[in-house]
Amino acid sequence: MQIALAPMEGLVDDILRDVLTRVGGIDWCVTEFIRVNDQLLTPAYFHKFGPELLNGARTASGVPLRVQLLGSDPVCLAENAALACELGSEVIDLNFGCPAKTVNKSRGGAVLLKEPELLNQIVEHVRRAVPAHIPVTAKMRLGFDSPDGSLVCATALAEGGAEHIVVHARTKMDGYKPPAHWEWIPRVQDVVKVPVFANGDIWSVEDWRRCREISGVEDIMLGRGLVSRPDLAKQIAAARAGEEVVEMSWAELMPLIQDFWLQAKAQMTSRQSPGRLKQWLAMLTRNYPEAAELFTVLRRETEPDHVSRLLGLPVAEAA
1 MQIALAPMEG
11 LVDDILRDVL
21 TRVGGIDWCV
31 TEFIRVNDQL
41 LTPAYFHKFG
51 PELLNGARTA
61 SGVPLRVQLL
71 GSDPVCLAEN
81 AALACELGSE
91 VIDLNFGCPA
101 KTVNKSRGGA
111 VLLKEPELLN
121 QIVEHVRRAV
131 PAHIPVTAKM
141 RLGFDSPDGS
151 LVCATALAEG
161 GAEHIVVHAR
171 TKMDGYKPPA
181 HWEWIPRVQD
191 VVKVPVFANG
201 DIWSVEDWRR
211 CREISGVEDI
221 MLGRGLVSRP
231 DLAKQIAAAR
241 AGEEVVEMSW
251 AELMPLIQDF
261 WLQAKAQMTS
271 RQSPGRLKQW
281 LAMLTRNYPE
291 AAELFTVLRR
301 ETEPDHVSRL
311 LGLPVAEAA
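Residue numbers (UniProt numbering): 1 to 319.
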């Protein structure tokens, strides 16, 4: 079984990847999508989204990072994929799942599920452009407004050369509304010979067990469930191995929150950093009452030094 950390735009950046992969249980992670339009991007742009490329495409804890590209031009995507490989990415992932309206309007993400022939062309071009030992993978949803075309799309990706396919078991129009339709995943797996990963609505070990039973697949990708429960991958890995599942306590999580804040404060502007911390805390409230209490205390706080004090960090150390 492989457990992957999902690439969530505006949320799972290099700071959160560092913190979450440190907890354990995650086999690999992905950059936020890197948008490709009509030009070859610069190395600096790739490093902006994946600074881990400067560290052997690994997070500080050694978890592999793969670069994800989003776009609709097969030639330009192929050229940028080749550059990403030169910069150290050991896998190239292609995004056909983003549901954002702004992304879809520019022919990126899930809207391409309306064009299975184009999906096939994109993967074929990228596959030919990157070294043979570099896997090309893809992430898709079940379709744009109906899952009826999902089997055709998955087949197009696999025949184009995708080494595995992550299926977010919702359509674009579903957004993130529950439930995820795990029952479609075995149908996708039946029509392709490559591994299929299940993604969507896995918030707990119990959800993972139900997803595994319904989908019939072993490999999973965790998104919001892992962000809101940072040890979820570790819990699932333990359950899969028949070991005792021990949940992370708030006391164990708090040092990670403090480190997340210190990194955000160092890398972002004083206007941006408090918002990033609140964003993560808001998601942690799903599983930690203490996170709700801390969020309430910090909710209107915009001064970084005050945030540091409220987190129990001496301002001199946080500076």
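The beta-carbon is built from N, C-alpha and C at its ideal position, and this holds for glycine as well.
Cutting at 7 Å between CB atoms, please list the residues of its own chain near residue i, excluding the five before and the five after it.
{"i": "Thr285", "result": "Ala291, Ala292, Phe295"}
{"i": "Ala282", "result": "Phe295"}
{"i": "Leu118", "result": "Ser72, Leu112"}
{"i": "His181", "result": "Leu142, Pro147, Ala169, Arg170"}
With a 10 Å radius around its C-beta and 16 neighbouring C-beta atoms as the bar for buried, classify residue i as buried or exposed.
{"i": "Gly10", "result": "exposed"}
{"i": "Glu183", "result": "exposed"}
{"i": "Lys234", "result": "buried"}
{"i": "Ser273", "result": "buried"}
{"i": "Ser146", "result": "exposed"}
{"i": "Tyr288", "result": "buried"}
{"i": "Ala132", "result": "exposed"}
{"i": "Arg299", "result": "exposed"}
Grouping DSSP H, G and I as helix and E and B as strand, with all else coil, what is residue i?
{"i": "Lys139", "result": "strand"}
{"i": "Ala319", "result": "With a pLDDT of 44 at Ala319, under the threshold of 50, the predicted position of this residue should be treated as unreliable, though the coordinate-derived value follows. Ala319 falls in the coil class under three-state DSSP."}
{"i": "His133", "result": "coil"}
{"i": "residue 320", "result": "Past the boundaries of the shown model lies residue 320; the chain is included only from 1 to 319, so the question cannot be answered."}
{"i": "Cys98", "result": "coil"}
{"i": "Ala162", "result": "coil"}
{"i": "Trp280", "result": "helix"}
{"i": "residue 324", "result": "Any answer about residue 324 is impossible in this case: the structure gives the chain only from 1 up to 319."}
{"i": "Ala198", "result": "strand"}
By Cβ distance below 6 Å, which residues in the same chain neighbour residue i in space, the five residues on each side in sequence not counted?
{"i": "Val227", "result": "Met283"}
{"i": "Gln2", "result": "Asp27, Asp219"}
{"i": "Asp305", "result": "Val315"}
Distance check for residue j and residue i, CA to CA, integer angstroms please.
{"i": "Ile110", "j": "Ala138", "result": "Note that residue 110 is Ala in the sequence shown here, rather than Ile. Cα-Cα distance, rounded: 12 Å."}
{"i": "Leu40", "j": "Asp93", "result": "17 Å"}
{"i": "Glu213", "j": "Leu112", "result": "30 Å"}
{"i": "Phe49", "j": "Arg127", "result": "22 Å"}
{"i": "Ala169", "j": "Ala266", "result": "37 Å"}
{"i": "Asp14", "j": "Val63", "result": "12 Å"}
{"i": "Lys278", "j": "Glu303", "result": "13 Å"}
{"i": "Val188", "j": "Thr102", "result": "28 Å"}
{"i": "Leu151", "j": "Pro116", "result": "10 Å"}
{"i": "Arg271", "j": "Ala264", "result": "11 Å"}
Excluding the five sequence neighbours on either side, which residues of its own chain have a C-beta within less than 8 Å of the C-beta of residue i, listed in chain order?
{"i": "Ala4", "result": "Ile26, Asp27, Trp28, Cys29, Val30, Val166, Phe197, Asp219, Ile220, Met221, Leu222"}
{"i": "Pro74", "result": "Leu118, Gln121, Ile122, Glu124, His125, Val126"}
{"i": "Glu301", "result": "Pro274, Val307, Leu310"}
Suppose contacts are defined by Cβ-Cβ distances below 7 Å. Is residue i in contact with residue j by that definition?
{"i": "Gly88", "j": "Arg141", "result": "no"}
{"i": "Gly161", "j": "Val123", "result": "yes"}
{"i": "Ala57", "j": "Leu65", "result": "yes"}
{"i": "Thr171", "j": "Gly143", "result": "yes"}
{"i": "Pro186", "j": "Ser215", "result": "yes"}
{"i": "Ala238", "j": "Val245", "result": "yes"}
{"i": "Val192", "j": "Ala154", "result": "yes"}
{"i": "Ser61", "j": "Arg22", "result": "yes"}
{"i": "Ala158", "j": "Val194", "result": "yes"}
{"i": "Phe260", "j": "Val19", "result": "yes"}
{"i": "Gln68", "j": "Phe46", "result": "no"}
{"i": "Leu83", "j": "Val36", "result": "no"}
Taking only beta-carbon positions, decide if residue i is within less than 7 Å of chain E.
{"i": "Glu218", "result": "Absent from the structure is chain E; it holds one protein chain and no more."}
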